[in-house]
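Presented below is the structure to which this report refers.
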Amino acid sequence: MGDAHSPAPENHTQNLIFNDLAPGLRVSGIVPYGAVEILHVKRHSVGVTVSYRDDSGRTDQCTLLPGHEPSLRLDKTRPYTFDGEGTLFRLAVEALRIRMAALFDDMLAVGTSDLEPLPHQIRAVYGELLPRTPLRFLLADDAGAGKTIMAGLYIKELALRGDLERCLVVAPGALVEQWRDELADSST
Numbered sequence: 039m040g041d042a043h044s045p046a047p048e049n050h051t052q053n054l055i056f057n058d059l060a061p062g063l064r065v066s067g068i069v070p071y072g073a074v075e076i077l078h079v080k081r082h083s084v085g086v087t088v089s090y091r092d093d094s095g096r097t098d099q100c101t102l103l104p105g106h107e108p109s110l111r112l113d114k115t116r117p118y119t120f121d122g123e124g125t126l127f128r129l130a131v132e133a134l135r136i137r138m139a140a141l142f143d144d145m146l147a148v149g150t151s152d153l154e155p156l157p158h159q160i161r162a163v164y165g166e167l168l169p170r171t172p173l174r175f176l177l178a179d180d181a182g183a184g185k186t187i188m189a190g191l192y193i194k195e196l197a198l199r200g201d202l203e204r205c206l207v208v209a210p211g212a213l214v215e216q217w218r219d220e221l222a223d224s225s226t
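For our numbering, count along the sequence shown from 1 and bump the result up by 38.
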């Protein structure tokens, strides 16, 4: 077996005592949210002060008293593994990038669409429609003023920000196909 500072590695749920705590060990029960890596242990007459690093890289320290000993357990799981599928990792990172893009780009829908909106369309969508939550007015303008583009930008911007799950577009019967085609073109 090992010395007093290295517990037996066989049992994942092995209880630890203060004498078992040593730098380099991963121990659960010190913090409520998971296991931490012990960086330094300072023993006192009653209890110990432990410096540790959690899985996010944050370092901290706490003093443990004898009542904490029953909750201390050796954690043999590895905090990071690099044996995952690279394609799935890239997919997850791209999904996170897209989900967070609206935090950094106020006009994300314009940058991700294959169109060049006119200034009055940008002003309508980003200056009037988006700041009003919930939106409760009618988008109406002259023929050819770009209502479809404005609606498409507004819908896409809300969807990219995670504020829109479903959307109902009401158009005159004779214009439904035209609207569907133009909306699909303006939002790609």
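Beta carbons are placed, not taken as given, at the ideal position from N, Cα and C, and that holds for glycine.
{"Asked": "Nearest CA to the CA of L196: which residue from G211, G182, R137 and E220?", "Found": "R137"}
{"Asked": "Mind checking whether V88 and L102 have CB atoms under 8 Å apart?", "Found": "yes"}
{"Asked": "Which class does L161 belong to by DSSP, given the choice of helix, strand or coil?", "Found": "It should be pointed out that residue 161 corresponds to Arg in this sequence rather than to Leu. Note: R161 maps to helix in three-state DSSP."}
{"Asked": "Pop quiz: G72 and D93 are said to be a contact at Cβ under 8 Å. What is the actual Cβ separation, rounded to whole angstroms?", "Found": "6 Å"}
{"Asked": "Confirm, please, whether the CB-CB distance from L112 to T97 is below 8 Å.", "Found": "no"}
{"Asked": "Taking contact to mean at least 3 C-beta pairs separated by less than 8 Å, is the stretch 157-165 in contact with the stretch 210-224?", "Found": "no"}
{"Asked": "Rounded to whole angstroms, what is the Cα-Cα separation between E48 and K114?", "Found": "Low confidence applies to E48: its pLDDT is 44, below 50, so where it sits in the model is not reliable enough to give any reading."}
{"Asked": "Can you tell me whether DSSP reads K80 as helix, strand or coil?", "Found": "strand"}
{"Asked": "Tell me, which residues are paired with G72 by DSSP?", "Found": "V69"}
{"Asked": "With respect to 7 Å, is the separation between the Cβ of V148 and the closest non-hydrogen atom of the ligand MG below this value?", "Found": "The ligand MG is absent from the structure shown, which contains no ligands of any kind."}
{"Asked": "Would you mind stating whether P104 and N53 have Cβ atoms separated by less than 8 Å?", "Found": "no"}
{"Asked": "Measuring only the C-alpha atoms, how far is D41 from I55?", "Found": "The pLDDT assigned to D41 is 45, lower than 50, so where the model puts this residue is not dependable; a value taken from the coordinates is nonetheless given after this. Spanning the two alpha carbons is a distance of roughly 13 Å."}
{"Asked": "Count the other CB atoms, across all protein chains shown, that sit within 10 Å of the CB of D180; report buried if there are 16 or more and exposed otherwise.", "Found": "exposed"}
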